[in-house]
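A short worksheet on the structure shown next.
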Amino acid sequence: MAFFLRRVRNPTDAEDLTQEVFVRMLNLTEDRPSDAYVFQIAQNLLIDRSRKHLVRERYRHGVAADAGRELDDFDPHRLVEGRDQLAKIVGALGEMPERTRTIFVLYRVENMRQETIANAFGISSSAVKQHVAKAMALLARKMRDDR
0 MAFFLRRVRN PTDAEDLTQE VFVRMLNLTE DRPSDAYVFQ IAQNLLIDRS RKHLVRERYR
60 HGVAADAGRE LDDFDPHRLV EGRDQLAKIV GALGEMPERT RTIFVLYRVE NMRQETIANA
120 FGISSSAVKQ HVAKAMALLA RKMRDDR
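Printed below as a string of structure tokens:
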């Protein structure tokens, strides 16, 4: 443990690294590895630790640099607009015939295959496509008309 304490200056990390050395020694097929081999294991663990810290630091700096570019500010107007659009979609779904709505939801929301839906309703796959197209047209028209 003293080997690690001199190098990492953190008792918790030194304990973890020491434990990892013991775990790796237990996995060896030899009865008793040489001292040089044990220190090589310890040195390799320090190198791995250093690499991990370097990768994490680069990632943190990259995220910090990109944080301002990709994230939108919270905009209450956009939130209200999104809720209004969602209400329009739900309203349009409510105006659809039940069978068309159910097929549309199964296909677009639940990601069910057209063949599976067709088998469940006892219709052809092309009929499922027609129901989905009809639903999409109704939604598009409703969204366009409510602008």
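At position 54 of the sequence shown the residue is numbered 53 (numbering that gives the first Met the number 0), and the sequence of numbers has no breaks.
Quick reminder that beta carbons are idealized off the backbone N, C-alpha and C, glycines included.
None of the values given here were measured: they were computed from a predicted structure.
Quick check: the Cα distance between residue i and residue j, rounded to an integer number of angstroms?
i, j, result
"V104", "L92", "9 Å"
"I40", "E56", "24 Å"
"M95", "H52", "56 Å"
"R77", "D83", "10 Å"
"T28", "R48", "25 Å"
Can you tell me which of the options puts its alpha carbon nearest to the alpha carbon of residue i?
i, options, result
"T101", "K133, E80 and L44", "K133"
"V108", "V79, M135 and F120", "M135"
"E19", "E29, V89, F3 and A119", "F3"
"Q129", "A119, A35, R98 and M142", "R98"
"L138", "P10, Y58 and I88", "I88"
DSSP three-state call for residue i: helix, strand or coil?
i, result
"T101", "helix"
"S49", "helix"
"D144", "helix"
"L27", "coil"
"E80", "helix"
"R112", "coil"
"R8", "coil"
"I88", "helix"
"D15", "helix"
Run the CB neighbour count on residue i, radius 10 Å, all protein chains shown included, and call it buried at 16 or more, exposed below.
i, result
"F21", "exposed"
"V127", "buried"
"L16", "buried"
"F73", "exposed"
"I116", "buried"
Would you grab the beta carbon distance between residue i and residue j for me? Rounded to a whole angstrom, and I think it's under 8 Å.
i, j, result
"Y106", "V79", "Not really, about 30 Å apart at Cβ, beyond 8 Å."
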